[in-house]
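Residue numbers (my numbering): 101 to 239. We treat Cβ as the ideally placed atom computed from N, Cα and C, and that holds for glycine. Computed from a predicted model, the values in this text were never measured in an experiment. The block underneath contains the structure these notes are about, expressed in structure tokens.
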Amino acid sequence: ASNVQARKKATKIKQALESDSPDLEELNNKLKRLNILEFVGQPLSDVKFPDELNLLTGVNYIDISCSDLKEVPNFIFMLDNISILNLRNNKFEKLPEDLCNMKNLNRVDILLNPIKEVPVNMSKFIHDLPYMAKWAPSC
């Protein structure tokens, strides 16, 4: 009898999931069309960003300003279409070399970070950008 009840429960759960869950292919298509990713003012210092964020191939603007971050999240460097990156007012002491390899990046804001170390080839990168907010001491 308990086996029959367990099977009935499993069937009910399966039906509930099938009726309430979104079409995963449709969701995937929507995520690929997402072009702005904002985490402004969110305390992200202890967050482990999921690897799946690199699937957001349509994202061209990321704003992680005021997020208490000490390092630029790695998933950002896997997104080829980023043209604007707002890193303002975090706790970055150094800028990663990977920032210089972002081919579509044309605007970066790194103001209000306690930057002490900059990659060697960053100076060429800075001159190639149409706009880059220069680093300044944090408040």
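The beta carbons of residue 164 and residue 195 sit about 14 Å from each other, so the pair does not count as a contact at 8 Å.
When secondary structure is reduced to three states using DSSP, residue 171 falls in the coil class, being assigned neither helix nor strand.
Ranking 183, 133 and 209 by CA distance to the CA of residue 201 puts 183 first. For residue 197 and residue 143, the gap between their C-alpha atoms comes out near 24 Å.
By alpha-carbon distance to residue 160, the top candidate from 147, 169, 168 and 138 is 138. Taking a C-beta distance under 9 Å as the contact criterion, residue 191 and residue 170 qualify as a contact pair. As summarised for the stretch 144-205, the continuous beta strand (DSSP E) elements at least 3 residues long and confined to that stretch are 161-163 and 184-186, given in chain order.
Between the alpha carbons of residue 129 and residue 222 lies a distance of about 35 Å. Relative to residue 206, the option among 168, 218, 150 and 186 whose CA is nearest is 186.
For the 9 Å CB-CB criterion, residue 153 and residue 173 form a contact. Minimum Cα-Cα distance from residue 175 among the listed residues 166, 162, 151 and 181 corresponds to 151.
For residue 217, no beta strand (DSSP E) run applies, since DSSP gives it neither H nor E. Assignment of residue 211 by DSSP, reduced to helix, strand and coil, places it in the coil class. In this structure, 168 is the residue among 133, 131 and 168 with its C-alpha nearest to the C-alpha of residue 147.
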